Amino acid sequence: MVDGFPWREKLLASPAVAVAVFCVGLLSCTGLGVALVVSLIDKGGAKVDVTGVSTETVRSDRVQWSFTIKTESVDRSQGALTQEKQLNQALAFLQKNKISTDDIFVKVLSVSPNIETNRETGRETMLGWKFSQEIVVISADVDNVAEVSRRSSELISNGVDARFQMPQYTYSGLADKRIELLKEATENAKQRAKAIATTGSLSLGRMTNVGTATFQVTAPGSSSAGSGGLYDTETIEKEVSAVMDVSFRLK
């Protein structure tokens with residue numbers, strides 16, 4: 000029987016097409032979550048688009064923890080005394096737990112009228128005064144501050160009206176780590192592209208395009224995925240990852 004499609008053999012005989020068929024089969028059969036694309040370009044050439052990834056675990060070296068002391072009182076002077084007493088209790092608690100005074104920052108006291116509004120008539124009634132003052136701890140002693148924050152309910156047990164925020168853990172070497180991970184992600188992309196080219200009996204040519212790098216800082220083992228901008232501040236241990244889209248010419 001005469002084949003009515005003589006162009007098919009010529010097309011399939013092309014190494015570039017062979018690589019493309021291999022990649023489509025690989026993605027279809029394995030379901031790998033890796034961007035591997037081979038496409039024909041002008042003059043019978045081909046290119047391969049790959050995604051390189053690099054991940055490293057780092058440990059936070061800085062923590063910021065804050066809480067607010069609050070007081071309500073009918074009498075303004077008495078309220079100020081109560082607020083000062085609570086503030087001193089909070090500072091004593093921090094110092095007792097070996098948090099340096101150099102790491103403790105007390106913000107300006109806020110005083111405002113405590114006003115109640117009647118929903119039906121709109122009439123306002125002065126109930127007294129509200130006092131509020133924030134204490135911020137910024138320290139390199141990450142483990143100790145983490146432990147103290149877990150025991151902060153002791154203040155409430157001692158009668159202090161305190162509202163606590165979650166500690167925020169950060170890593171100061173992120174700028175340098177980004178450069179390092181960017182290099183590793185690019186090299187990872189090159190190795191993936193080389194493996195694809197070798198399978199199709201081709202060799203890897205020059206890099207033709209580099210996409211925008213995506214950096215993420217997530218909790219270890221996190222499945223979070225996004226277009227970028229993720230920065231976990233809730234965990235001491237973190238995973239810093241770089242993702243880079245790169246294109247290479249095949250020859």
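For the sequence shown, numbering that gives the first Met the number 0 begins at 0 and goes up steadily by one.
Even glycine gets a Cβ: it sits at the ideal position worked out from N, Cα and C.
Only a predicted model underlies this, so the values are computations on that prediction, with no experimental measurement involved.
DSSP three-state label for Ile-232, please.
First, the amino acid is wrong: residue 232 is Thr here, not Ile. Three-state DSSP puts Thr-232 in coil, outside helix and strand.
Could you check if Leu-126 is buried or exposed, using at least 16 other CB atoms within 10 Å of its CB as the buried criterion?
exposed
Contact under 7 Å by Cβ, Thr-169 with Arg-61
Their beta carbons are under 7 Å apart, which means Thr-169 touches Arg-61 by this criterion.
Close Cβ partners of Ser-99 (< 6 Å) along its chain, the five nearest in sequence each way excluded:
none
Span separating the alpha-carbon of Asn-107 from that of Arg-122:
According to the sequence shown, residue 107 is Val rather than Asn. Answer to the nearest angstrom: the Cα atoms are 31 Å apart.
Distance, Cα to Cα, Lys-46 vs Lys-182?
21 Å
Where Tyr-195 sits in the DSSP three-state scheme
In the sequence under discussion, the amino acid at residue 195 is Ile, which differs from the Tyr named in the question. Looking at Ile-195 - three-state DSSP - the assignment turns out to be helix.
Under 7 Å, do Gly-111 and Lys-84 count as touching if we go by C-beta distance?
The question names Gly, yet the displayed sequence has Ser at residue 111. Result no, Cβ atoms of Ser-111 and Lys-84 do not sit closer than 7 Å.
Distance check for Thr-56 and Val-245, CA to CA, integer angstroms please.
24 Å
Is it the case that the Cβ atoms of Lys-237 and Val-216 are separated by a distance below 7 Å?
yes
With burial defined as no fewer than 16 other Cβ atoms inside 10 Å of the residue's Cβ, what is the status of Asp-175: buried or exposed?
exposed
Taking three-plus beta-carbon pairs below 8 Å as touching, is the stretch 149-164 in contact with the stretch 63-79?
yes
Restricting to Cα atoms, I'd like to know which of Val-239, Gly-172, Ala-139 is closest to Pro-219.
Val-239
Nearest neighbour of Ser-109, chosen from Leu-173, Ser-171, Glu-115, Arg-75 [CA to CA]:
Arg-75
Rounded to whole angstroms, what's the CA-CA distance from Ile-235 to Ser-200? Just pull it up for me.
47 Å
Count the other CB atoms within 10 Å of the CB of Ile-114; is the residue buried (16 or more) or exposed (fewer)?
exposed
Roughly how far, in whole angstroms, is the beta-carbon of Ile-134 from the beta-carbon of Ala-194, given that I think they are within contact range, below 8 Å?
56 Å between Cβ atoms; not a contact.
How many whole angstroms separate the CB atoms of Ala-212 and Val-49, which I take to be in contact at a CB cut-off of 8 Å?
Not quite, the Cβ-Cβ distance comes to about 14 Å (not below 8 Å), so this is no contact.
Report the three-state DSSP secondary structure of Gly-127 (helix, strand or coil).
strand
Whether Val-136 touches Trp-64 by CB criterion (7 Å):
Cβ distance < 7 Å, so Val-136 and Trp-64 count as in contact.
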